[in-house]
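A quick write-up on the structure given underneath.
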Amino acid sequence: MQTKNLALTGAAALCALVLVAPPAQAGAASVTVTVMGTSDLHSNVLNWDYFKDAAYADSAGNSVGLAKVSSLVNQIRAERGADRTLLFDSGDTIQGTPLAYYYAKVEPITQTGQIHPMAKAMNAIGYDAVTLGNHEFNYGLPLLATWIKQMRAPVLGANAVYDRTGLPAYKPFVIKTMKVNGDKPVKVGVLGLTNPGVAIWDKANVEGRLRFTDLVESAKKWVPVIRGLGADVVVVTAHAGDSGLSSYGGDLPVENASAMVAEQVPGIDAVLFGHAHNDVPQRFVTNKVTGQQVLLTEPGRWGQRLSRLDFQLTKQHGRWVVTGKSAATINTNTVQEDPKIVQLLKPQHDTTVGYVNKVVAKSAQALSAAESPYKDTPILDYIQQVQVETVKQALPDNTLPVLSIAAPFSRSAVFPAGDIRVRDVAGLYVYDNTLLAVKLTGAQIKDYLEYSAKYFNQLAPGDPVDVTKLTNAGNTPDYNYDQLSGVSYDIDISKPVGQRIANLSYDGAPVPAGKEFVVAINNYRQSGGGGFPHVTGAPVLYNAQVEIRQALIEYATAKGTIDPSGFAVQNWKLTRDGVPVF
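In C-alpha cells, the structure reads:
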C-alpha cells in the first residue's frame, strides 16, 4: 500500500481534505444543492457487451456505461448549474468487464504506466468523490493503489483500516465547499464506507494487512468529525445494500448495513448506496436517535441509472440547514453516449475488443449453459475437467480422488460449433476467481451438497414442472448453486431442504462418511462466499493463485478442440421419489 493513500489523522490534518468548488448560486435565504450518484459500474464505460461483441441490450431496454452517465451528468449540470452539483460513486468500479480484466492482467497498469480506463473516464466526467467497493480489492492492493493514484477524485473507505494499527488505510471523507455569492458557503461532507465482506471474498489479498470495521460504528466515529468541520450536508456513500442481511456468518460486521447506518447514526442527511444492484429511486428511513428522515437511493448497476439527490438548504441562525430533500433515479437509456468519453476510451476499448475476439480453439459442437441450473450440462463439465486436471498436475504425489465444484454463472453462455474465442470462455466464467484444492470427507461432501440443494424449490411428485419456478429458492443466486463432479448423486426436490441428496456414490459404491477427497474449488467459495459448510476450515492442499478463466482459455488453446465426448459425464440429476424430473 502506498503511503500516499494513507488517511490524514487529527482535526487539523482532516481540514486539509476540504476541497473548494466554484461559486454557487447568488446569495439568498435558501439554496439548492444537487448530488448525482452512480454505483456498481463494474468497469462499464461504453454501451457495449464484450461477451457478445455487440452493443449492450437486455429485455428491459437498459443501456450501460459511463459514456451514457456522462451525458446525463452534463444535462443536470446545465440545468442546475455546474457550481451547484456534485458527483459521487459508491463503489465496485475497477472490475467486471473484459476491459477491466485486460488492464489488470493482460497489460496491467502497474507495469505499463497506462491510465486505467475507469480513471480516464471518471476524471474526464469530473467525479468529486468515489468510494471503495469490495471488488476494488480483486486484483490486489498494488493495482488498487495505482488506480487511486491515477484518480483526480479522492477515493474513500473509512472502515478499511490497517490490520496492526487500526488507522484508516484510505481517506475516510472529503468536504466540498460550494461558495454562495454574497452569503456563507455551503459545505457538503461525504463519508465513504466499503463492505466488510472484503475480508472473506478477497482474503488472499487483504489478510494480515487490512481489516474492515462495522459500517455503523465507523459512521458514528466519523460523522461527528465531519459535522465538527462545518459540514451543512452530510452524505454517506456506502458500498452496502439496505436489507440489513449478510451472505456470510455473524463473525463479520453486517454486509448490507446502509439502512442501519441511516437509522442508528445521527447527523446523516442521505445515503447513496450500492452493492445490491437494485434500482431504488427514493427511500426514507427514520433515524432512531433524532427522529429525522434520512434519504436513501441506489442507482442500480453498470451505469444503467444515475441517482439525483436534491437538497434544499435554508439559512437559520446564521447557518445553512437542510429543510427539504428528494431523490430519483434516471434511466441512462434516455440519452446518447457522450462522444467525448467514447473518443477518449476508443483506443482501450478497441484493444479489448481485439483481445476478446482472439480465437483460442474450436468446439466440436454447440454447447449451451441455458439448462445448467437444473441439468448436468457438458459446458459446465468443461470447467470441472479443467479444474480437476489443473489440480492433478499440481499434486503429482496425491493418492486421493480429485473432485471439482462449479456453479452456473451465466445461463446465456454458449460455445458455438467451430471457433471459440476468448469472449466465449469469459462469458462462461464471468468472475475473476482463482483455483484452490481442499480436503473434505464423504460426510462433509454430503453436507455441502445438501446446502447447495436448497437452491431448488420443493416440488411434489406428479406436479407440473415449470423450469422458471424450479430454481433460486429463497432468492439464492445461480452462482451459489454448486455442482460436484467426480461423484454421482441425485437431488430429490420432493424432499425438504437438508434431506435431498440420495445415492451419493464414488466409483460405483456408496461414499463412506470418513473417506477423504481432494476437491477443486474457487477462492470465493473457499473463503466463505455463499456460506457453504466445512470449506473455510478444510485443509488447503493447493493454492497457486491460478485464475480459473485463464486456465480455461489455456486448456482450450493447448487442446485445440473442445469435444464433450472427452469430458462430459452425467453424474447428477434431479429426482422426485427416485423418479428423474427430466
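Position 68 of the sequence shown, counted from 1, bears residue number 261 in the numbering used here, the numbering being contiguous throughout.
We put the CB at the ideal spot given by N, CA and C, even for glycine.
Treat the numbers as computed from the prediction; the structure is a model and nothing was measured.
For THR278, the enclosing beta strand (DSSP E) begins and ends at 278-282. MET453 sits close to VAL409, with the two beta carbons spaced by under 8 Å.
In terms of Cα proximity to TYR672, the closest of ALA600, LEU596 and VAL658 is ALA600.
ALA222 is positioned such that its CB atom lies no closer than 8 Å to that of LEU259. The criterion of a C-beta distance shorter than 8 Å is not satisfied by PHE725 and ILE638.
Scanning its chain for C-beta atoms nearer than 6 Å, with the 5 sequence neighbours on each side dropped, one finds around GLN558 the residues ALA610, in chain order.
The count of Cβ pairs closer than 8 Å, one atom from the segment 677-696 and one from the segment 762-770, reaches three, so the stretches are in contact. No residue range can be given for THR661, since it is assigned to no alpha helix (DSSP H) and is classified by DSSP as neither H nor E. For SER698, the uninterrupted beta strand (DSSP E) segment begins and ends at 694-699.
In the displayed model, ARG616 falls within a helix according to three-state DSSP.
By the Cβ criterion, the segment 266-275 is not in contact with the segment 345-357, since fewer than three pairs of Cβ atoms, one from each stretch, lie closer than 8 Å. With the rule of 3 Cβ pairs closer than 8 Å, the segment 494-510 does not count as touching the segment 391-407. Taking the C-beta atoms as reference points, ASP242 is found no nearer than 8 Å to VAL549. Comparing alpha-carbon positions, the option among ASP612, PRO594 and GLU400 lying closest to SER720 turns out to be GLU400. For ARG273, the enclosing alpha helix (DSSP H) has its first and last residue at 259-273. As far as DSSP is concerned, PHE330 takes part in no beta bridge. Going by DSSP, GLU410 is part of the alpha helix (DSSP H) stretching over 408-421.
Apart from sequence neighbours up to five positions away, the residues of its chain that approach PRO291 with a beta-carbon distance below 8 Å are TYR243, PHE244, THR545, TYR548, VAL549, VAL615, ARG616 and ALA619, ordered along the chain. Rounded to the nearest angstrom, the Cβ distance from THR627 to GLU747 is 14 Å, too far for a contact under 8 Å. With respect to the 8 Å criterion, GLN288 and ASN237 are not classified as neighbours on the basis of their beta carbons. Distance between LEU386 and LEU280, taken at the CA atoms: about 16 Å. Note on ARG718: 16 or more other CB atoms within 10 angstroms of its CB, so buried under the neighbour-count rule. Taken in chain order, the complete alpha helix (DSSP H) segments of 4 or more residues contained in the segment 414-468 are 451-457. Between the beta-carbon of SER500 and that of ALA469 there is about 13 Å, and that puts the pair past the 8 Å contact cut. In the structure shown, THR544 falls within a helical segment according to DSSP collapsed to helix, strand and coil. Shown here, ALA322 sits in a strand according to DSSP, grouped into three states.
In this structure, ILE714 places its C-beta atom within 8 Å of the C-beta atom of VAL631. Taking every protein chain shown into account, the CB of ASP282 has 16 or more other CB atoms within 10 angstroms, so this residue is buried. Assigned with DSSP and collapsed to three states, ARG402 falls in coil, not helix or strand. For secondary structure counted as the beta strand (DSSP E) over 3 or more consecutive residues, the segment 500-583 holds these complete runs in sequence order: 512-524 and 552-556.
In this structure, the straight-line span from the alpha carbon of SER758 to that of ALA397 is close to 36 Å. Note on geometry: alpha-carbon atoms of PHE477 and GLN304 lie some 46 Å from one another. Our two residues, LEU239 and VAL228, have alpha carbons roughly 23 Å apart in a direct line. Using a C-beta cut-off of 8 Å, the segment 569-581 makes no contact with the segment 696-706, since fewer than three inter-stretch Cβ pairs fall below that distance. In the three-state reduction of the DSSP assignment, SER687 falls in the coil class, being assigned neither a helical nor a strand state. ARG604 is positioned such that its CB atom lies no closer than 8 Å to that of SER645.
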